[in-house]
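As structure tokens, the structure follows; a few thoughts come after it.
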Amino acid sequence: MKPEIPVFFSIDDAYAPFLATALRSAIDNSSKNRSYRAIVLYQSLSEENRKRIASLAQAHFAVEFVPMQKGLESIADRLSNRLRFDCFTLTIYFRLFIPAMFEQYDRGIYIDSDVVLLGDLAELFDTDIGDHYIGACNDLSVLQVQPLCEYMENVVGVQAQRYVNSGVLLMNLKKLRQANLDRHFLQLLNRYHFDSVAPDQDYLNALCSGKIYYLDSKWNTMPNEMLPVDREAKLVHYNLYSKPWCYDDIQYSEHFWHYAKDSGYYGEICRIRQAFRPDKQDGLDILVQRAVQISRTEKITLRAMQERGERIRL
Numbered sequence: 154m155k156p157e158i159p160v161f162f163s164i165d166d167a168y169a170p171f172l173a174t175a176l177r178s179a180i181d182n183s184s185k186n187r188s189y190r191a192i193v194l195y196q197s198l199s200e201e202n203r204k205r206i207a208s209l210a211q212a213h214f215a216v217e218f219v220p221m222q223k224g225l226e227s228i229a230d231r232l233s234n235r236l237r238f239d240c241f242t243l244t245i246y247f248r249l250f251i252p253a254m255f256e257q258y259d260r261g262i263y264i265d266s267d268v269v270l271l272g273d274l275a276e277l278f279d280t281d282i283g284d285h286y287i288g289a290c291n292d293l294s295v296l297q298v299q300p301l302c303e304y305m306e307n308v309v310g311v312q313a314q315r316y317v318n319s320g321v322l323l324m325n326l327k328k329l330r331q332a333n334l335d336r337h338f339l340q341l342l343n344r345y346h347f348d349s350v351a352p353d354q355d356y357l358n359a360l361c362s363g364k365i366y367y368l369d370s371k372w373n374t375m376p377n378e379m380l381p382v383d384r385e386a387k388l389v390h391y392n393l394y395s396k397p398w399c400y401d402d403i404q405y406s407e408h409f410w411h412y413a414k415d416s417g418y419y420g421e422i423c424r425i426r427q428a429f430r431p432d433k434q435d436g437l438d439i440l441v442q443r444a445v446q447i448s449r450t451e452k453i454t455l456r457a458m459q460e461r462g463e464r465i466r467l
């Protein structure tokens, strides 16, 4: 009998409609000959949203909810802990605690909620990553942005071509438990408070450097106007500011709206789109400016501490 496939998500109430869309797509593209379990980690999620999301479950695809609070008190709302530059949410850190929390699993999948599945997660789960800590895809969304490439190398200490996106992870939970990922992360966070534009992602890249299996980019296909549409994409990740519920001109948006219609949240998502006004370019420009500032002025970085002899890698 093939093992159950645990698929972890982390959200709050604001992202419930998009998780429902992601789950709808994952379930529709799953094999009824396999057993899946969506495990939703949350800090704040209303009972109503839990019921609505749970209603998507099927016989072969279970949905459960796990609250997250204990042990995260030391992760405070400070600029160095904010996603990109503009918002603080503990949910981005939840993936770092999965190995310690779920000892019953030796491997599992973590996925951000701003995705749609076009392929079967069983195929991703069955990928052999050997003794690597994680399987992940190169972050192709930023390779054309030179200041961000410099940030990866100067601040994180990882070559831009080897830097991965943490939105889709095939996790070797057994190896990460043995390496005490959660404890090592918290020790570094509380000692140095490294300034960062992508906190969880930068830590994972630095800590797992040298032990990352590089997945086919089809498992983390991101909208990118400089690249042609990938007709063989298995997972589309609406990364950074490429949100089809915010803008009309997003590559691969047709897949999102296809599954959103059957998510149970279609009306809410349409209202979110109608109400949204900010300019995504402004946000991206500020993100790049902040990366440049950290790269040029910050002395206490993951790379600097590694070069001074601090144990950064697991």
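So in my numbering, spot 30 of the sequence shown is number 183, and the numbers just go up one at a time. The beta-carbon is built from N, C-alpha and C at its ideal position, and this holds for glycine as well. Remember, it's a predicted structure, so these values are computed and weren't measured experimentally.
Cβ contact annotation for Ala413 (same chain, cutoff 7 Å, sequence separation greater than five): Thr174, Tyr419 and Ile422, in chain order. Assignment of Glu256 by DSSP, reduced to helix, strand and coil, places it in the coil class. The distance from the Cβ of Leu322 to that of Ala179 is about 15 Å, inconsistent with a contact at the 8 Å cut-off. Of the candidates Glu407, Val268, Asp281 and Val445, the residue whose Cα lies closest to the Cα of Leu176 is Val268.
Scanning the segment 361-400 from its first residue to its last, no whole alpha helix (DSSP H) run of 4-plus residues comes out. Rounded to the nearest angstrom, the gap between the Cα atoms of Asp279 and Ile262 is 10 Å. Inter-segment contact for the segment 328-344 and the segment 452-467 is present: three or more beta-carbon pairs are separated by less than 8 Å. Per the DSSP secondary-structure output, Ser448 pairs with nothing in a beta bridge.
By the criterion of at least three beta-carbon pairs nearer than 8 Å, the segment 446-454 is not in contact with the segment 196-211. In the structure shown, Asn186 falls within a coil segment according to DSSP collapsed to helix, strand and coil. Excluding residues up to 5 positions away in sequence, Asp335 lie with their Cβ nearer than 6 Å to the Cβ of Phe250 in the same chain. CA-CA distance, Leu194 to Gln442, rounds to 32 Å. The alpha-carbon separation between Asp265 and Lys452 amounts to approximately 31 Å. The segment 402-410 makes no contact with the segment 311-322; the number of CB pairs closer than 8 Å stays below 3. Looking only at Ser406, Ala212, Glu463 and Gln299, the smallest Cα-Cα distance to Phe338 is reached by Glu463. Scanning its chain for C-beta atoms nearer than 7 Å, with the 5 sequence neighbours on each side dropped, one finds around Asp292 the residues Tyr316, Val317 and Asn318, in chain order. Taking the Cα positions, Gly417 is about 20 Å away from His390. Residue pairing for Ala191: DSSP places it in a beta bridge opposite Val160 and Val216. Scanning the segment 248-334 for uninterrupted alpha helix (DSSP H) segments of 4 residues or longer gives 251-254, 274-278, 299-304 and 326-331, listed from N- to C-terminal end. According to DSSP, Gln211 shares a beta bridge with Phe214. Taking a contact as a CB-CB distance under 8 Å, the pair Asn343 and Ile287 does not count as one, their CB atoms being some 23 Å apart.
Contact between Asp259 and Lys327 holds: CB atoms are separated by about 4 Å, below the 8 Å threshold.
Minimum Cα-Cα distance from Phe218 among the listed residues Gln211, Leu198 and Ala212 corresponds to Leu198. When the five nearest sequence neighbours on each side are left out, the beta carbons in the same chain lying within less than 6 Å of the beta carbon of Val216 are those of Ala191, Ala207 and Ala210, in order along the chain. If you compare the alpha carbons of Leu380, Arg456, Leu455 and Val350 with that of Pro300, the shortest gap goes to Val350.
With contacts defined by Cβ atoms closer than 8 Å, Pro170 and Ile245 do not form a contacting pair.
Annotation for Ser395: Pro376 and Ile403 place their beta carbon closer than 6 Å to its own, counting only its chain and skipping 5 residues before and after.
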